[in-house]
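Chemist: In our numbering, the protein residues as written are 8 to 465.
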Amino acid sequence: MPPPKDLPGLYFDPEKNRYFPIKGPIPGLKRPSRSPAESSDGKKKAHTKKTRPRNRMRPLELLQFRELLGASITSNRRRYKFKQEFEKLQASSPRVWRYPRTAGVADSALEQMYGILQTSKGLKETCLLATGGVNGYISLHEVGNLGQCFASPSMCTPEPVWPKEAELEACNRTAVGSIWSPPEASTSFSSSISCIRRIGRHYPCLPDVVSSFQRSSALRLHRRALKVNSFDCTIWTTDCSWDGTRAVIGTNLGAALINLETRSSSWVYKTKSDVFSQQFDHSGNVVLCGFRNGAIVEVDVREKQSRPSEASSSIQRKKCSSNRTFMSSSVCSLVALQSDDRYFLGSSMDGSIKLFDRHLLQRGAIQSYEGHVNSHSHLQLGVNPSETLMISGGEDQYVRIWSIKTSELIFEENVSNSILSTVCWPQGIYSDENPFEQNYSWGAWLGSREGLFYMHGT
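(1) What residues match up with A110 in a beta bridge as DSSP calls it?
(2) Once the 5 residues before and after G301 are set aside, which same chain residues still bring their CB inside 7 Å of it?
(3) Where do the N-terminal and C-terminal ends of the beta strand (DSSP E) with S272 fall, by residue?
(4) DSSP has R253 in a bridge; who is on the other side?
(5) In the DSSP output, which residue or residues are listed as bridge partners for P167?
(6) What did DSSP end up calling F351 once you bin it into helix, strand or coil?
(7) Going by CA-CA distance only, name the one from S115, T252, T258, P165 that's closest to V141.
(8) Verify whether the separation of the beta carbon atoms of E118 and I203 is less than 8 Å.
(9) Quick one: what's G297 bridged to in DSSP?
(10) Is T413 near G454, with beta carbons less than 8 Å apart?
(11) Using the Cβ count rule (16 or more neighbours within 10 Å means buried), how would you classify R25?
(12) Among the residues of its own chain, which have a CB less than 6 Å from the CB of A263, if the five just before and after it don't count?
(13) Would you kindly work out how many angstroms separate the C-alpha atoms of K95 and S393, rounded to a whole number?
(14) Helix, strand or coil, according to DSSP, for L368 in the structure here?
(15) How would you write the range of the beta strand (DSSP E) that A192 sits in, first residue to last?
(16) Using the rule of at least 16 other Cβ atoms within 10 Å of the residue's Cβ for burial, across every protein chain shown, is T14 buried or exposed?
(17) Within its chain, find whatever has a CB closer than 7 Å to the CB of E457; leave out the 5 residues flanking it on each side and keep chain order.
(18) Work out the CA separation of G464 and P21 for me, nearest whole Å.
(19) Just list the residues that DSSP pairs E132 with in beta bridges.
(20) Hey, quick one: how far does the beta strand (DSSP E) through H148 stretch, first residue to last?
(21) Can you tell me the Cα-Cα spacing of N266 and D250, whole angstroms?
(22) If you draw a straight line from the C-alpha of S161 to the C-alpha of S185, how long is it?
(23) Could you give the first and the last residue of the continuous beta strand (DSSP E) run that contains H463?
(24) Of the choices F238, W449, I408, D288, whose alpha-carbon is the least far from that of S248?
(25) I'd like to check one pair, G389 with C431: are the Cβ atoms closer than 8 Å?
(26) How many Å lie between N330 and G139 at the Cα?
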């Protein structure tokens with residue numbers, strides 16, 4: 008008699024001559040008792056593998072359900088979305104590369120943008136990476152192969168650093184492009200670079216999107232800087248509106264608005280507490296400001312302020328209102344979600360990461376994310392284009408990835424010998440119909456004192 012065929016998800020019992028589900032216990036089988044030592048070892052393993060929860064679906068299982076049930080999956084009395092579960096699988100085992108000879112170039116600011124380079128075959132669009140360091144240097148790097156047309160360029164080929172096991176050999180060095188840095192594409196400032204932001208937004212291969220890139224003829228990489236305005240104060244952060252016409256800066260005196268076309272400036276929020284983080288909302292009329300004392304304030308930039316505000320600097324007045332809420336420590340990073348403008352993420356210098364609803368600010372945070380380590384550092388948050396994942400480095404030199412919706416800690420590993428303080432998860436227009444199109448970016452840039460890193464989902 009031929010042996011029975013293997014059926015997906017089923018187990019064949021030769022004694023009972025029938026199939027049983029693999030997930031459930033086999034009928035009549037007694038579970039073996041565990042000794043106290045085994046129980047303690049199991050607890051330790053559960054603690055060390057807290058980023059691998061039991062309810063996560065395996066890749067093969069996920070694909071099988073996708074073929075049978077489509078985009079919406081129901082399993083174990085829970086409902087899943089294939090896209091979100093697939094992104095979690097990618098984020099749970101990413102690949103990480105480090106670029107040698109980049110120490111100190113991106114430990115304070117990091118931003119990706121697009122530009123046009125003059126090559127032997129004409130004008131070519133390419134990806135550019137702007138980096139800033141505590142040493143005061145700003146550099147512009149070309150990601151890919153077009154940088155070969157530069158005069159005397161410096162090339163950095165990435166080296167894989169994670170995973171560290173035998174499967175590291177499968178991590179191809181050519182999976183990520185090299186970066187090219189011409190000597191004339193760097194300049195220095197008199198103090199540390201606190202923030203870099205691109206003006207306007209541009210997505211590759213989308214000619215109908217209006218951006219500052221389309222209004223320029225070509226980008227020449229040489230040492231030049233256009234002075235828009237100057238302030239006699241400490242500048243901690245900045246952000247630009249989506250249309251590229253206005254910028255807001257955070258200082259030790261408050262928040263100021265700059266018209267990038269006329270170069271005029273005005274104070275929109277004066278206070279005695281330093282503004283550490285800022286983020287425009289999608290409309291460009293409201294900016295979220297995070298302060299040293301833990302306050303988060305919604306500021307309408309259309310309203311001019313006639314006198315300094317004392318509410319955000321007074322400890323006795325730390326009460327949430329319709330346009331103000333508080334975190335437990337200094338707010339070092341803010342990210343407004345573009346898919347739903349009601350929500351934004353905030354990170355403070357005591358390791359707290361929280362999700363807020365702008366319509367319910369007086370109630371405080373609506374969700375918290377555990378595992379982050381921070382006590383005094385300016386650590387940035389990064390969000391992927393589909394706004395389902397969040398990434399940040401910690402003072403323990405670990406990098407962590409969370410699910411924004413469920414607050415689940417998906418990935419937690421030490422990939423650097425220094426703190427990963429800067430994050431840039433390139434933004435794109437996400438397509439639900441095809442999440443693998445060219446404009447979908449699921450890789451993140453990370454910067455530390457050790458150098459520049461690139462993380463890519465598998």
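Ideal Cβ placement from N, Cα and C applies to all residues, glycine included.
This structure is a prediction, so every number in the text was calculated from the model and none was measured.
Modeler: In brief:
(1) Residue pairing by DSSP places A110 opposite no residue, since no beta bridge is assigned to it.
(2) F333, M334, S335, S336, S337, V338, S355
(3) 272 to 277
(4) Bridge partners of R253: N266.
(5) W104
(6) In this structure, F351 counts as strand in the three-state DSSP scheme.
(7) S115
(8) yes
(9) S284, I303
(10) no
(11) Classification for R25: exposed.
(12) I256, S272, W274
(13) 12 Å
(14) helix
(15) No beta strand (DSSP E) contains A192, which DSSP labels as neither H nor E.
(16) Note that residue 14 is Leu in the sequence shown here, rather than Thr. By the 10 Å Cβ count, L14 comes out exposed.
(17) Correct list, in chain order: A110, S423, N424, S425.
(18) 42 Å
(19) I123
(20) 144 to 150
(21) 12 Å
(22) 10 Å
(23) Where H463 is concerned, the enclosing beta strand (DSSP E) stretches over 459 to 463.
(24) With distances taken between Cα atoms, S248 lies closest to D288.
(25) yes
(26) 33 Å
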